[in-house]
Amino acid sequence: MIFVTLEHILTHISFSIISIVIIIQLMSFFVHEIPGLSDSLEKGMIATFFSITGLLIIRWIYSGHFPLSNLYESLMFLSWSFAIIHMIPKIWNHQNAKFLSAITTPSAIFTQAFATSGLSTEMHQSAILVPALRSHWLMMHVSMMLLSYAALLVGSLFSIALLVITFRKNIKIVVENQNLVIGSSNFDQMDCLTLTQNLKKTTSFSSFKNYYKYQLLERLDYWSSRVISIGFTFLTIGILSGAVWANEAWGSYWNWDPKETWAFITWTIYAIYSHTRTTKNWQGTNSAIVASIGFFIIWICYFGVNLLGIGLHSYGSFILS
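In terms of full-length UniProt numbering, the sequence shown opens at residue 1 and continues consecutively.
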């Protein structure tokens with residue numbers, strides 16, 4: 001009983017802290033140079049991380065198994081993973097690390113809010129593991145998959161932000177040049193050729209006249225690439241460990257059931273993304289499009305396949321690994 005009470009306390013503490021953190025972050029966007037505001041945000045994320053860590057440890061103790069037996073535990077672990085991603089650059093003392101919090105903080109609070117408020121009370125209860133899940137591979141496989149989902153989602157959101165900013169900039173350029181065409185009374189073929197050449201130059205990734213926007217796009221592209229590379233590594237480890245576990249449980253490394261198929265599709269999408277990063281002409285906007293597609297593929301793999309309740313993973317339809 002005391003463990004359940006402690007778990008509820010830590011749940012409310014972590015959610016309250018991260019709610020305050022998101023308010024502080026919103027204030028930092030609209031109010032400039034408030035002393036101590038950034039430090040308060042970072043301390044809040046650290047407190048949230050330790051609160052969720054304590055929650056998961058307590059749940060592990062009284063349930064007797066790693067806390068990944070249902071959707072609630074899966075979402076709480078995902079929120080914890082977002083906090084981990086937020087803290088990694090801090091550990092490395094990376095410059096511009098606070099830029100990452102614009103994605104990790106909202107992701108953590110929305111995930112935790114859905115886990116605590118969007119699910120029924122029955123789903124918060126720790127479930128007894130079926131025999132196939134009573135393996136040391138549960139911790140290895142599912143934790144790696146959820147860490148990869150968190151990293152890939154964060155990196156993909158950076159790519160989506162990059163596409164939105166680039167698209168709006170290109171639309172503005174097109175509109176301005178159309179107005180120039182309409183307003184010109186002596187517009188001949190040579191002028192049209194010159195205008196077309198100028199339009200191609202101004203819409204390139206590296207030729208934004210506004211230096212701030214160019215720097216912002218550079219940071220978005222940088223963080224997207226770095227975080228996705230971490231997530232892709234976790235995803236590869238998760239799939240390989242899952243194959244070993246499948247061989248122990250079912251006698252086959254790969255069975256092409258829906259969950260495994262969509263995990264492979266997810267891996268393929270981000271393998272393509274990794275390849276685009278090595279090709280100069282595909283960096284920036286083109287690679288961001290691939291990552292944006294991967295964002296939706298992850299949610300299909302994470303939620304969609306399990307909710308159908310089909311395939312070899314149907315016994316754990318709310319484990320969502």
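C-beta: ideal position from N, C-alpha, C; glycine also.
Discussion item. Could you compute how far the alpha carbon of A290 sits from the alpha carbon of L71?
Written reply: The identity of residue 290 in the sequence shown is Val, whereas the question assumes Ala. Using only the alpha carbons, I get a separation of about 28 Å.
Discussion item. Closer than 8 Å is the cut-off here; do at least three beta carbon pairs connect the segment 136 to 146 with the segment 57 to 69?
Written reply: yes
Practice prompt. Provide the residue span of the alpha helix (DSSP H) that contains H136, from first to last.
Written response: First-last for H136: undefined, no H or E at that position.
Item to complete: Please state whether DSSP places S63 in a helix, a strand or coil.
Response: helix
Item to complete: Would you mind sorting I85 into buried or exposed? The rule is 16 or more other CB atoms within 10 Å of its CB.
Response: buried
Practice prompt. Work out the CA separation of L235 and residue 324 for me, nearest whole Å.
Written response: With the chain represented from 1 up to 321, any question about residue 324 goes unanswered, as that position is not in the structure.
Worksheet item: Between which two residues does the alpha helix (DSSP H) carrying S274 extend?
Response: P258 to R277
Discussion item. Does the segment 218 to 229 come into contact with the segment 149 to 169, if we say contact requires no fewer than three beta-carbon pairs (one atom in each stretch) closer than 8 Å?
Written reply: yes
Discussion item. Among the candidates A115, E42, Y253 and G294, whose CA atom is the shortest distance from the CA of T104?
Written reply: E42
Practice prompt. Determine the direct distance from the alpha carbon of T261 to that of T279, and round the result to whole angstroms.
Written response: 27 Å
Discussion item. With distance defined between alpha-carbon atoms, name the residue in Y273, W60 and I300 nearest to residue 323.
Written reply: Any property of residue 323 remains undetermined from this structure, which presents the chain solely from 1 to 321.
Worksheet item: Quick one, which of F49, M27, V4 and I2 has its alpha-carbon nearest S16's?
Response: F49
Worksheet item: Assuming T111 and L78 make a contact with CB atoms under 8 Å, what is their CB distance in whole Å?
Response: 5 Å
Practice prompt. Report the rounded CA-to-CA distance for S207 versus Q25, giving the unit in angstroms.
Written response: Confidence is the limiting factor: at S207 the pLDDT is only 49, short of 50, which leaves the residue's position unreliable and the question unanswerable from this model.
Worksheet item: Candidates S14, G44 and L6: which alpha carbon is nearest R59's?
Response: L6
Worksheet item: What are the boundary residues of the alpha helix (DSSP H) that N286 is part of?
Response: T285 to W299
Fill in: Element boundaries [alpha helix (DSSP H), containing I109]
S101 to S117
Worksheet item: Roughly how many whole angstroms lie between the Cα atoms of S14 and I298?
Response: 26 Å
Worksheet item: By Cβ distance below 8 Å, which residues in the same chain neighbour W254 in space, the five residues on each side in sequence not counted?
Response: A243, A246 and E260
Discussion item. Let's test the definition: count the other Cβ atoms within 10 Å of the Cβ of P131 and tell me whether it reaches 16, buried, or not, exposed.
Written reply: exposed
Worksheet item: Taking C-alpha atoms, which residue in Y270, W223 and E248 lies nearest to P89?
Response: W223
Item to complete: Look at F82 and A151 and say whether their C-beta atoms are less than 7 Å apart.
Response: no
Practice prompt. Closer than 8 Å by C-beta to V135: which residues in its own chain qualify, once you throw out the five before and the five after it? Chain order, please.
Written response: In the sequence as presented, Val is not what sits at residue 135; that position holds Ser. Contacts found: W245, E248 and A249.
Discussion item. Just to check my reading of the structure: T166 and L217 have Cβ atoms closer than 8 Å, yes? What is that Cβ distance to the nearest angstrom?
Written reply: 7 Å
Fill in: Burial state of T276, where buried means 16 or more other Cβ atoms lie within 10 Å
buried
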